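The block underneath contains the structure these notes are about, expressed in structure tokens.
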Amino acid sequence: MIRNWLVKSFVKQPEAVESSETREQYGRLSSMVGIVVNLLLFAAKFVVGTLSGSIAVTGDAFNNLSDSASSVIALLSFRLAAKPADREHPFGHARIEYVASAAVSVLILVIGIELMRGSIEKIIAPAPIEFSLVTVIVLLLSIVTKLWLYFFNRGLGKLTDSSVMRATAIDSLSDVMATSAVLVSMLLSPLLKIQLDGYTGVIVAVLILITGYQLFKSMLDRLLGQGPNPELAEQIDEFIHGYEGVLDTHDLVVHDYGPYRTFASVHVEVDATAESLVSHDLADNIERDIKREQGINLVVHLDPIIRDDPFVNHLRQLAESVLSEIDDELSLHDFRVRQGKAHSNLIFEVAVPYEFELSLDELRARIQQGVSAEDPTLRAVVEFDRA
1 MIRNWLVKSF VKQPEAVESS ETREQYGRLS SMVGIVVNLL LFAAKFVVGT LSGSIAVTGD
61 AFNNLSDSAS SVIALLSFRL AAKPADREHP FGHARIEYVA SAAVSVLILV IGIELMRGSI
121 EKIIAPAPIE FSLVTVIVLL LSIVTKLWLY FFNRGLGKLT DSSVMRATAI DSLSDVMATS
181 AVLVSMLLSP LLKIQLDGYT GVIVAVLILI TGYQLFKSML DRLLGQGPNP ELAEQIDEFI
241 HGYEGVLDTH DLVVHDYGPY RTFASVHVEV DATAESLVSH DLADNIERDI KREQGINLVV
301 HLDPIIRDDP FVNHLRQLAE SVLSEIDDEL SLHDFRVRQG KAHSNLIFEV AVPYEFELSL
361 DELRARIQQG VSAEDPTLRA VVEFDRA
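Residue numbers 1 to 387, in our numbering, belong to the letters of the sequence shown in order.
Laid out in structure tokens, this is it:
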């Protein structure tokens with residue numbers, strides 16, 4: 001395959017995808033291929049589009065030119081993202097890939113808007129288009145080439161977990177649909193005796209705008225910060241539960257600082273009677289092992305849990321019962337009891353789903369009401385986590 005040959009020729013250590021140097025080489029390969037291919041397609045389409053007078057073909061040409069510019073942005077982003085962490089950026093520079101992807105999406109949106117404007121003008125004032133076999137051949141070659149670029153960048157993006165390459169692949173697929181629409185309109189216009197060029201240009205513009213919007217939204221979500229991927233959260237949870245002495249986990253927070261730059265923190269419940277040094281070693285082992293095996297920079301916070309006190313266990317069951325009566329989706333953790341002369345405090349945290357209907361103040365009141373119904377001397381001191 002051409003892709004395998006290119007990878008072997010331009011990437012020194014293809015398997016070391018977590019290495020910043022290797023990722024930069026993959027990024028350079030993807031970007032240079034994109035620049036060369038899209039410039040050739042732009043030149044060919046611009047010439048045949050100008051000669052035939054087709055706004056759709058010319059617009060498609062400038063779409064390819066924007067793809068070349070996108071590849072230049074991607075090339076710069078891979079070089080900057082490969083820079084090591086420094087005092088100002090202790091988590092590295094890998095998020096630059098997300099910024100670059102957002103910049104690519106803005107460029108795509110601008111091209112789509114301009115093409116839409118030109119196509120509407122063409123609908124209002126249609127002009128005859130000169131049918132040419134050369135134009136048809138150029139468009140067919142463009143479709144085949146863009147399909148290859150789609151699979152090329154999709155494969156590299158999956159291998160390196162690169163949002164920029166995935167974005168480039170998606171853009172190539174939208175180009176296939178856009179060019180196909182242009183080709184169909186050129187073939188049908190003479191048969192139907194209708195100038196479809198402007199209408200096809202609108203279709204191409206809409207496809208380009210949809211692609212740009214979806215890409216921009218995806219990258220904006222990643223830059224703003226998202227909740228942990230459910231698969232990753234389950235993976236981390238299963239990994240931690242594989243250690244003897246771990247009772248449960250909660251409050252997992254994952255920070256994405258770019259591909260292979262994952263930082264996380266989690267609370268791990270352990271037996272309160274265990275020796276502190278033993279529990280500390282447990283936390284160290286989890287942090288070290290998950291870093292080595294999965295590349296995740298994890299910070300473990302230990303929560304000692306009393307397990308063999310009947311009074312505490314009874315009150316915990318009471319609190320769990322109260323939550324269950326309110327909503328089965330509610331769960332508690334970090335449960336402890338502070339006994340006083342006049343009353344006792346039940347101190348715990350509750351994981352609340354984002355879609356939960358009651359306000360937190362209403363929920364706190366309902367919990368206190370349920371606890372007081374069992375024993376008026378009990379006070380619920382509750383903190384809430386969104387889950």
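Glycine included, every Cβ here is placed at the ideal spot set by N, Cα and C. Since this is a predicted model, take the numbers as computed values, not measurements.
Span of the alpha helix (DSSP H) around Asp375: Here residue 375 corresponds to residue number 375 of the sequence shown, with the count starting at 1. Taken as a continuous stretch (DSSP letters only), Asp375 belongs to no alpha helix (DSSP H), as it is neither H nor E.
Reference Thr249; option with closest CA among Ala169, His89, Ser331 and Ser321: Looking up residue 249 in the sequence shown gives position 249. Nearest option by C-alpha distance: Ser331.
Three-state class that DSSP yields for His255 in the structure shown: Within the sequence shown, numbered from 1, the residue matching residue 255 stands at position 255. Residue state, collapsed to three classes: strand.
Candidates Leu196, Gly59 and Ser77, of which the one nearest Ala125 by Cα: Within the sequence shown, residue 125 is the residue found at index 125, counting from 1. Out of Leu196, Gly59 and Ser77, Leu196 has the C-alpha closest to the C-alpha of Ala125.
As assigned by DSSP and simplified to three states, the class of Pro353: Locating residue 353 in the sequence shown gives position 353, counting from the first residue. DSSP places Pro353 in coil when its eight states are reduced to three.
Beta-carbon proximity check, Ser101 vs Met177, cutoff 7 Å: Reading the sequence shown from its first residue, position 101 is the one you call residue 101. Reading the sequence shown from its first residue, position 177 is the one you call residue 177. In this structure, Met177 does not lie closer than 7 Å to Ser101 by Cβ.
Proximal residues to Ser39 (C-beta, below 6 Å), its chain only, five neighbours per side dropped: Here residue 39 refers to the residue found at position 39 of the sequence shown. It should be noted that the sequence gives Leu, not Ser, for residue 39. Same-chain partners within the cutoff: Ser68.
Straight-line gap, Val184 to His255 (C-alpha atoms, nearest Å): Counted from its first residue, the sequence shown places residue 184 at position 184. Counted from its first residue, the sequence shown places residue 255 at position 255. Approximately 46 Å between the Cα atoms of the pair.
Meets three-Cβ-pair contact criterion under 8 Å: the stretch 225–240 and the stretch 71–91: no
Bounding residues of the alpha helix (DSSP H) (the contiguous stretch that carries Asp334): As a position in the sequence shown, residue 334 is number 334, starting the count at 1. Note, Asp334: premise wrong, no alpha helix (DSSP H); beta strand (DSSP E) at Ser331 to Gln339.
Runs of alpha helix (DSSP H) wholly within the stretch 226–305 (minimum 4 residues, chain order): 230–241 and 276–294
Proximity below 7 Å, CB of Val202 to CB of Ser119: For this step, residue 202 is matched to residue 202 along the sequence shown. For this step, residue 119 is matched to residue 119 along the sequence shown. Yes.
Beta carbon of Glu383 nearer than 7 Å to that of Pro353: The residue labelled residue 383 in the question sits at position 383 within the sequence shown. The residue labelled residue 353 in the question sits at position 353 within the sequence shown. No, the Cβ-Cβ distance between Glu383 and Pro353 is not below 7 Å.
The stretch 19–37 contacting the stretch 147–162, beta-carbon criterion three pairs below 8 Å: yes
Whether Gly258 touches Arg95 by CB criterion (7 Å): In the sequence shown, residue 258 corresponds to position 258, counting from 1. In the sequence shown, residue 95 corresponds to position 95, counting from 1. Closer than 7 Å, so yes.
Pairwise C-alpha distance: Thr179 and Ala16: The residue you call residue 16 lines up with position 16 of the sequence shown. The residue you call residue 179 lines up with position 179 of the sequence shown. Using only the alpha carbons, I get a separation of about 37 Å.
Option nearest Glu269 by Cα separation, candidates Phe263, Arg261 and Asp251: Position 269 of the sequence shown, counted from the start, is the residue given in the question as residue 269. Minimum Cα distance to Glu269 is reached at Asp251.
Under 7 Å between C-beta atoms of Leu378 and Ser324: Start at 1 with the first residue of the sequence shown, and residue 378 comes out as number 378. Start at 1 with the first residue of the sequence shown, and residue 324 comes out as number 324. Contact flag unset, no.
Where Arg87 falls, given that 16 or more other Cβ within 10 Å makes a residue buried: Against the sequence shown, residue 87 aligns to sequence position 87. That one is exposed.
Continuous alpha helix (DSSP H) stretch holding Gln214: start and end: As a first step, residue 214 is located in the sequence shown; it is residue number 214 there, counting from the start. Gln214 -> alpha helix (DSSP H) spans Asp197 to Leu224.
Helix, strand or coil at Arg386 according to DSSP, with G and I counted as helix: Translated into positions along the sequence shown, residue 386 becomes position 386. It is a strand residue.
According to DSSP, residues forming a beta bridge with Asn345: Taking the sequence shown and counting its residues from 1, the one referred to as residue 345 is at position 345. Per DSSP, Arg338 and Arg379.
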